[in-house]
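First comes the structure, then the notes that go with it.
Number of protein chains: 2
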Amino acid sequence: MIHNFNAGPSILPKEVFEQASKAILNFNNTGLSILEIGHRTSLFEAVLDEARSLVRELMQLNDDKEILFLHGGASTQFFQVPMNFLDEHETGAYLDCGIWGIKAIREAKLFGNVNVVASSKDRNYTYVPKDYVIPANAKYFHYTSNNTIEGTEMFYIPETNVPIVVDMSSDILSRQTDFNRFSLIYAGAQKNIGAAGVNLVIIDRNFKPVVNRKLPSMMDYMQHIANGSMLNTPPVFAVYVCMLTLRWLKSIGGIPAIEKINQQKADLVYSTLDAHPLFRPTVAKEDRSRMNVVFVMDDPEKEKQFLDLCKKENMVGVKGHRSVGGFRVSLYNALPLESAKAFCDLAKSFN
Amino acid sequence: MIHNFNAGPSILPKEVFEQASKAILNFNNTGLSILEIGHRTSLFEAVLDEARSLVRELMQLNDDKEILFLHGGASTQFFQVPMNFLDEHETGAYLDCGIWGIKAIREAKLFGNVNVVASSKDRNYTYVPKDYVIPANAKYFHYTSNNTIEGTEMFYIPETNVPIVVDMSSDILSRQTDFNRFSLIYAGAQKNIGAAGVNLVIIDRNFKPVVNRKLPSMMDYMQHIANGSMLNTPPVFAVYVCMLTLRWLKSIGGIPAIEKINQQKADLVYSTLDAHPLFRPTVAKEDRSRMNVVFVMDDPEKEKQFLDLCKKENMVGVKGHRSVGGFRVSLYNALPLESAKAFCDLAKSFN
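Chains A and B, in that order, are what the protein sequence lines are.
Read in order, the letters of the first sequence correspond to residues 46 to 396 in our numbering.
Read in order, the letters of the second sequence correspond to residues 46 to 396 in our numbering.
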């Protein structure tokens with residue numbers, strides 16, 4: 046058995062692979078491949094409708110929320126958000142918690158003013174800032190709920206009257222939270238939602254883009270809403286894989302059920318690492334991500350040995366991101382508890 | 046047997062479906078799905094490299110051409126081209142040959158001046174204009190080589206010193222032409238290249254974006270070139286399907302071989318329709334698309350009968366685009382000659 050700890054694109058449920066594989070040969074007994082059906086057919090509309098309904102149901106979204114499946118990854122949203130919501134002389138408030146936040150800030154500066162309300166750069170992004178003021182005149186407040194690379198996760202939603210925009214790419218659907226508190230949620234699909242090549246974007250209807258610049262059609266959220274994510278040919282297969290993954294999540298009990306398993310996996314891995322004399326998790330305990338466990342060793346030679354051992358034991362994707370080094374073990378929704386256990390057994394045996 | 050005449054997403058080779066289906070369960074005997082491999086692995090890099098090499102080889106591109114696989118469809122390119130190449134007071138020359146050209150023109154107007162050098166609107170876009178002047182000071186000249194909706198195809202490349210930008214979404218790889226004449230070629234993949242959700246963009250290195258505006262990273266061709274189409278997580282599976290389809294095209298003899306078959310299919314279908322008293326192709330003979338055959342009938346009742354008959358005979362996707370009506374039969378690369386013949390037999394039998 047291969048244990049896939051990839052940070053994204055990452056493991057998806059076995060059932061999803063099986064169903065997607067079948068649908069490429071024969072989608073819903075049509076005799077056609079999912080890759081060759083028209084997007085403006087009842088066949089695909091049913092897929093898109095079901096995906097949207099499942100998002101609404103699983104996240105318990107209220108009726109003000111519009112659900113879009115858009116081309117591109119979160120990197121596209123980094124600029125699409127300020128392009129739609131931030132006018133030249135307006136200010137967007139941003140939290141700087143790592144590489145994704147930095148990129149979002151860089152793109153926002155192309156469109157308006159950016160106020161970085163807090164940063165964890167002082168300690169190498171190993172924690173999440175908690176005390177900061179979000180200026181009341183900010184157009185929105187933006188943060189990254191889970192930092193894939195640095196291994197931190199933000200478990201609170203700030204109390205503010207400013208609309209909140211969140212990049213939830215790497216922890217969406219992994220734990221319960223009040224998703225209705227957000228004015229805009231975006232997430233690249235390739236971790237907990239589905240396959241790479243599509244973005245899930247959830248916008249509150251009351252959060253309206255009012256900017257002076259003219260927007261290209263494909264960048265205009267309102268046009269996508271008006272056209273039900275079908276402004277142009279959507280990434281059909283990627284949306285289909287999302288739908289299958291959402292169906293799977295519902296079948297196992299939804300977010301409450303997966304959160305329990307995710308907590309179990311994270312507890313297992315962090316406690317194993319904490320108890321081990323050689324491994325050192327880098328992140329402050331209260332901010333440790335349940336999705337991406339980042340840790341290092343003090344001896345580079347030992348690091349190499351452990352990496353080789355993981356490889357030998359069919360553990361894939363444990364190498365840390367090139368910007369941080371060390372190790373990263375990703376525990377996304379689809380990673381079975383068995384894989385987390387297998388990793389812990391291996392780590393315990395290492396000396 | 047189902048005959049799939051969809052206009053896009055459309056039929057792909059049977060071999061591609063089979064290989065893609067397998068790769069979702071077990072990619073290259075890795076024991077992993079193509080959907081769960083990291084994009085910064087040698088596994089995916091090999092896919093991307095092979096896709097690029099095949100494009101270069103099949104289209105006989107010179108070394109000045111950069112090959113990109115980008116998120117989104119042609120609709121994204123409609124604005125990305127002027128955003129990169131057209132400054133506020135500069136002029137882009139555009140040919141207006143139908144819905145896609147109109148959309149490209151609309152987006153270009155957001156960024157600079159547009160000079161529509163010619164239009165076939167006067168005769169409902171049923172032909173391709175031939176005599177027009179491309180102003181020497183235009184930053185580029187843009188046209189759509191095949192109009193999927195109206196059924197026209199432009200078989201000549203204008204003589205001009207102005208850099209040419211072409212939307213080749215629906216006839217790329219279908220016939221020989223001097224692809225090196227273009228400064229920029231773009232094409233949504235979902236007709237002749239692969240599955241929906243990725244764009245092929247080919248840029249000449251000498252065609253440099255020089256604009257005053259600041260570009261979002263994801264919209265900046267130069268950044269994509271510098272990062273080898275890996276500025277962010279690419280649509281992994283969509284790129285993989287492109288690679289498989291390009292491999293298939295090479296295996297059957299490349300563009301010269303497929304062009305012969307495409308010509309045969311088109312000749313068969315048009316001659317059948319021309320000879321039939323009830324069917325009426327809408328496009329001027331010399332501008333008839335080999336990819337999308339558009340035709341109508343004068344009697345709406347007969348149209349309905351024929352549509353029902355097609356459905357009964359497992360012919361999918363023959364209904365005309367909602368904006369034109371009548372019928373459209375798409376004969377993309379992967380459509381077997383047998384399907385074109387089956388359609389002709391059915392058409393001949395109809396009275």
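Glycine included, each C-beta is placed from N, C-alpha and C at the ideal position.
Taking a cut-off of 8 angstroms for Cβ pairs, the stretch 172–184 of chain A and the stretch 138–152 of chain A touch, as three or more such pairs fall below it.
Contact between B/VAL281 and A/PRO54 holds, with the beta-carbon distance rounding to 6 angstroms and staying under 8 angstroms. Setting aside the 5 residues that flank it on each side, A/PHE227 is surrounded in the same chain by ILE209, VAL211, each with a C-beta closer than 6 angstroms to its C-beta; the list follows chain order. Per DSSP, B/ASN307 is one residue of the alpha helix (DSSP H) stretching across 299–320.
At a cut-off of 8 angstroms, the C-beta of A/HIS116 has a neighbouring C-beta in chain B.
At a C-beta separation below 8 angstroms, A/HIS84 has these neighbours in chain B: PRO54, ALA241.
Within 8 angstroms of the CB of B/ALA283, the CB atoms of chain A belong to GLY242, PRO280, PHE282, ALA283, in sequence order along the chain. Residues of the stretch 120–138 of chain A with a C-beta atom less than 7 angstroms from some C-beta of chain B are SER120, THR121, PHE124, listed in chain order. Within 10 angstroms of the beta-carbon of B/LYS110 lie 16 or more other beta-carbons, which makes it buried. For B/ASN51, the neighbours in chain A by C-beta distance under 8 angstroms run, in chain order, GLU81, ILE82, GLY83. Here A/VAL361 is near A/ILE47, since their CB atoms are less than 8 angstroms apart. Look at A/ILE69: its C-beta is under 8 angstroms from a C-beta on chain B. Listed as beta-bridge partners of B/VAL92 by DSSP are no residues whatsoever. Within the stretch 345–360 of chain A, the residues whose Cβ lies closer than 9 angstroms to any Cβ of chain B are, in chain order, ASN359.
With a 10 Å radius around the Cβ and a threshold of 16 neighbouring Cβ atoms, A/GLN268 comes out exposed. With respect to A/LEU352, A/LYS310 sits apart: the two C-beta atoms are not nearer than 8 angstroms. Within the stretch 257–272 of chain B, contact with chain A at the beta-carbon level (separation under 7 angstroms) is assigned to LYS259, PRO261, SER262, MET263. Collapsing the DSSP output to three states places A/SER164 in a strand.
For the stretch 294–312 of chain A, the set of residues with a beta-carbon nearer than 9 angstroms to any beta-carbon of chain B is empty. Spanning the alpha carbons of B/SER214 and B/ALA234 requires a straight line of approximately 7 angstroms.
According to the DSSP secondary-structure assignment, A/LEU113 is paired through a beta bridge with A/VAL246. Rounded to whole angstroms, the Cβ separation of A/LEU155 and B/LYS259 is 5 angstroms, and the two are in contact under 8 angstroms. Taking 8 angstroms as the threshold, the shortest C-beta distance from A/ALA232 to chain B does not fall below it. Straight through space, the alpha carbons of B/MET342 and B/ILE303 are spaced by roughly 30 angstroms. Against chain B, the beta carbon of A/GLY362 has neighbours under 7 angstroms at GLY83, listed in chain order. Counting C-beta atoms within 10 angstroms of its own C-beta, B/LYS184 has 16 or more neighbours from the protein chains shown and is therefore classed as buried. For A/VAL363, same chain residues with a beta-carbon under 6 angstroms away, outside a window of 5 residues either side, are PHE50, CYS355, PHE372, VAL374 in chain order. Proximity to A/PHE72 across B/PHE395, B/ILE248, B/PHE62 peaks at B/PHE62, based on C-alpha coordinates. Secondary structure note for B/ALA232: its beta strand (DSSP E) is the uninterrupted segment 229–233. Bounds of the beta strand (DSSP E) holding B/ASN337 are 337–342.
Rounded to the nearest whole angstrom, the C-alpha separation of A/ILE144 and B/LEU131 is 31 angstroms. Taking a C-beta distance under 8 angstroms as the contact criterion, A/LEU218 and A/ASN378 qualify as a contact pair. Contact fails between the stretch 245–258 of chain B and the stretch 320–330 of chain B, because fewer than three Cβ pairs, one in each stretch, are under 8 angstroms apart.
Taking the Cβ atoms as the reference, B/LEU80 lies roughly 6 angstroms from A/LEU57, within the contact range of under 8 angstroms.
From the beta-carbon of A/ALA149, no residue of chain B is found nearer than 9 angstroms; the closest lies around 11 angstroms away. If you check the CB distance, A/ASN107 and A/ASN206 do not come in under 8 angstroms.
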